[in-house]
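Participant: Just add 1142 to the spot in the sequence shown (first one is 1) and you have my numbering.
Glycine is no exception: its CB is placed at the ideal position from the N, C-alpha and C atoms.
I'd like to ask you about the structure that follows.
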Amino acid sequence: MKAAPPSTTFQLRTVTSSPFLFNVSLTFLDNRRKLNTSSILRRTLPSFSYVPLKVSANSQAAAPASTEVTKATTVPNEMKAWVYGEYGGVDVLKFDETVAVPQVKEDQVLIKVVAAALNPVDAKRRQGKFKATDSPLPTVPGYDVAGVVVKVGSQVKVLKEGDEVYGNINEKALEGPKQFGSLAEYTAVEEKLLALKPKNLDFFLAAGLPLAIETAYEGLERTGFSAGKSILVLNGAGGVGSLVIQLAKQVFGASRVASTSSTGKLELLKNLGADLAIDYTKEKFEDLPEKFDVVYDAIGQCDRAVKAIKEGGSVVALTGAVTPPGFRFVVTSNGEVLKKLNPYLESGKVKPVVDPKGPFPFAQVAEAFSYIETNRAVGKVVIHPIP
Ligand SMILES: NC(=O)c1ccc[n+]([C@@H]2O[C@H](COP(=O)([O-])OP(=O)(O)OC[C@H]3O[C@@H](n4cnc5c(N)ncnc54)[C@H](OP(=O)(O)O)[C@@H]3O)[C@@H](O)[C@H]2O)c1
């Protein structure tokens, strides 16, 4: 990938950390060690703030990367990023220190990435499942980002250099997602896809939210979910489901929330707000006498989900085959949704859930991919720090 001319210098500085907020006591075993998420999730981690430095003589002499950029501050020509040049398994991922920093279009900002997160779509895309509608290879993967604005395009209206932002960088998850994603030191993103980071959340907590919370919210809206309705969330321990439970309860006013997981994660579901936690290893949710206004299927069990709704109820599905009256949608990234939900995040009514195996440092992105592909992750798999 070819480098762009330099235009900004900047520096990240460590400041006071804030603790993780989600106080669950979930203990489970993996093959190597026993993890107590209560202690792990409460630990403190460093956060960063952006400190602009003076523009160097060298960078002032250079032309701005694009004539659409209104404020020429300096960024390096090249950056560290994870890249793949062919579709395939985790082994196609390569660490590259000479990837060109992306150009900023007029409606975009350039973000210095502080934290990113993985979603199952990153793995499926890398495997070539969406190649018909993908952008050309090579690809820097990554949808979710939290970081600091270091450059703004000429049509950017509100965001400015130094703003701490977060978002899902791909407006349409499967239709031409960006070639330069968030698993890099810099990524260029349309202003409309971003929101200011909730003030109470460290970058690594904010990074796990965008795609999952936008999906959770859009799915609930598409079912017409409203106060007083009941909902069953299939896969309540995953990135999306953990937020569907919370949004249904805290934002939409659900009268009752049920959810499925394996035995070791039932306590987490309850802590997230589920009134009924169903162990899918022991019970078939569709055989229970209780029926629901809505089933939110975040695992691919639509054929069974339609048996768990009341007459006239809805089933929204994120993946797998659809059985009527169920329907599926693909998330649209939207900064307005993040802005709308920020007060719930800042008040602590809705909390990010991050997997206790993480955050994975930038050098371990391949390991993080392998982990999310086990389909056992709790909440989000986050990448932090990013150099
Ligand atoms: N259409 C869209 O726009 C859209 C958007 C986002 C995500 N998605 C898709 O939606 C799915 C969920 O995404 P995600 O990010 O939430 O996934 P995720 O975080 O990777 O989900 C992992 C969780 O799945 C649970 N799980 C596995 N088998 C289960 C089962 N049979 N029943 C209940 N839970 C089960 C695991 O818990 P246990 O260990 O307890 O099994 C694990 O905690 C993925 O297929 C993703 O590609 C689609």
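Please go through the same chain and pick out, in chain order, the residues whose beta-carbon is closer than 6 Å to the beta-carbon of Gly1500, but skip the five residues on each side of it.
Facilitator: Position 358 of the sequence shown holds residue 1500. Contacts found: Val1523 and Val1524.
Participant: Hey, is Ser1512 close to ligand 1, as in C-beta under 7 Å from one of its heavy atoms?
Facilitator: Within the sequence shown, numbered from 1, the residue matching residue 1512 stands at position 370. Ser1512 Cβ: outside cutoff for every heavy atom of ligand 1.
Participant: Starting from the C-beta of Leu1385, find all residues in its chain whose C-beta is less than 6 Å away, skip the five residues before and the five after it, and write them out in chain order.
Facilitator: Taking the first residue of the sequence shown as 1, we reach residue 1385 at position 243. The residues are Ala1354, Ile1355 and Ala1358.
Participant: Measuring only from the beta carbon, is Tyr1422 closer than 7 Å to any heavy atom that is part of ligand 1?
Facilitator: As a first step, residue 1422 is located in the sequence shown; it is residue number 280 there, counting from the start. Within the cutoff, so yes.
Participant: So, at 6 Å on beta carbons, what are the nonlocal neighbours of Glu1332 in its own chain, with the 5 sequence-adjacent residues on each side left out?
Facilitator: The residue you call residue 1332 lines up with position 190 of the sequence shown. These residues qualify, in order along the chain: Asp1249 and Gln1250.
Participant: Evaluate Lys1273 with the Cβ neighbour count: other Cβ atoms within 10 Å of its Cβ, from every protein chain shown; 16 or more gives buried, anything less gives exposed.
Facilitator: Here residue 1273 refers to the residue found at position 131 when the sequence shown is read from its first residue. Per the 10 Å Cβ criterion, exposed.
Participant: Mind checking Gly1432: buried by the 16 CB within 10 Å criterion, or exposed?
Facilitator: Numbered from its first residue, the sequence shown carries residue 1432 at position 290. Note that residue 1432 is Glu in the sequence shown here, rather than Gly. Glu1432 should be labelled exposed.
Participant: Determine the closest residue to Gln1245 out of Ala1505, Gly1270 and Lys1320, with distance taken between C-alpha atoms.
Facilitator: Sequence index remark: in the sequence shown, residue 1245 carries index 103 (1-based). Considering only alpha carbons, the answer is Lys1320.
Participant: Give the DSSP-derived three-state secondary structure of Arg1470 in the structure shown.
Facilitator: Numbered from 1 along the sequence shown, position 328 holds the residue referred to as residue 1470. Of the three classes helix, strand and coil, the one that applies to Arg1470 here is strand, per DSSP.
Participant: When you compare only the Cα positions, how much space is there between Val1375 and Thr1240?
Facilitator: Counting from 1 along the sequence shown, the entry for residue 1375 is found at position 233. Counting from 1 along the sequence shown, the entry for residue 1240 is found at position 98. Between Val1375 and Thr1240, the C-alpha separation is close to 43 Å.
Participant: For Leu1430 and chain B, any beta-carbon pair shorter than 8 Å?
Facilitator: Of the protein chains in the structure, only one exists, and it is not chain B.
Participant: With a threshold of 7 Å (Cβ to nearest heavy atom), would Lys1314 be considered close to ligand 1?
Facilitator: Mapped onto the sequence shown, residue 1314 falls at position 172. Lys1314 Cβ: outside cutoff for every heavy atom of ligand 1.
Participant: Exposed or buried, which one is Lys1424 when buried takes at least 16 other CB atoms within 10 Å?
Facilitator: For the purposes of this step, residue 1424 is taken as the residue at position 282 of the sequence shown. Exposed: under 16 other Cβ atoms inside 10 Å.
Participant: Mind pulling the alpha helix (DSSP H) runs of 4 or more residues that sit fully within the segment 1436 to 1461?
Facilitator: You should have 1444 to 1447.
Participant: Pull up the distance between the alpha-carbon of Gly1323 and that of Glu1220, whole angstroms please.
Facilitator: By 1-based counting over the sequence shown, the position of residue 1323 is 181. By 1-based counting over the sequence shown, the position of residue 1220 is 78. If I take the Cα positions, the gap works out to 15 Å.
Participant: Going along the chain, which unbroken runs of the alpha helix (DSSP H) with 4 or more residues stay wholly within the segment 1379 to 1418?
Facilitator: Within the segment 1379 to 1418, the complete alpha helix (DSSP H) runs of at least 4 residues are 1381 to 1392 and 1408 to 1414.
Participant: Residues in its own chain within less than 6 Å of Arg1398 by CB, not counting five upstream and five downstream?
Facilitator: Position 256 of the sequence shown, counting from 1, holds the residue named residue 1398. For Arg1398, where only same-chain residues beyond five positions count, the Cβ hits under 6 Å are Ser1372 and Asp1417.
Participant: Determine the direct distance from the alpha carbon of Asp1286 to that of Val1507, and round the result to whole angstroms.
Facilitator: Translated into positions along the sequence shown, residue 1507 becomes position 365. Translated into positions along the sequence shown, residue 1286 becomes position 144. Taking the straight line joining both Cα atoms gives about 14 Å.
Participant: Which residues bound the beta strand (DSSP E) around Phe1237?
Facilitator: Position 95 of the sequence shown holds residue 1237. Lys1236 to Ala1242 is the span of the beta strand (DSSP E), which, as asked, contains Phe1237.
Participant: Check each candidate in Ala1440, Ser1456, Phe1469 and Asn1312 and name the one with the smallest Cα separation from Asn1517.
Facilitator: Reading the sequence shown from its first residue, position 375 is the one you call residue 1517. When each option's Cα is compared against that of Asn1517, the closest is Ala1440.
Participant: If you draw a straight line from the C-alpha of Gly1378 to the C-alpha of Leu1480, how long is it?
Facilitator: Working through the sequence shown from its first residue, we reach residue 1378 at position 236. Working through the sequence shown from its first residue, we reach residue 1480 at position 338. Their backbone Cα atoms lie some 21 Å apart in a straight line.
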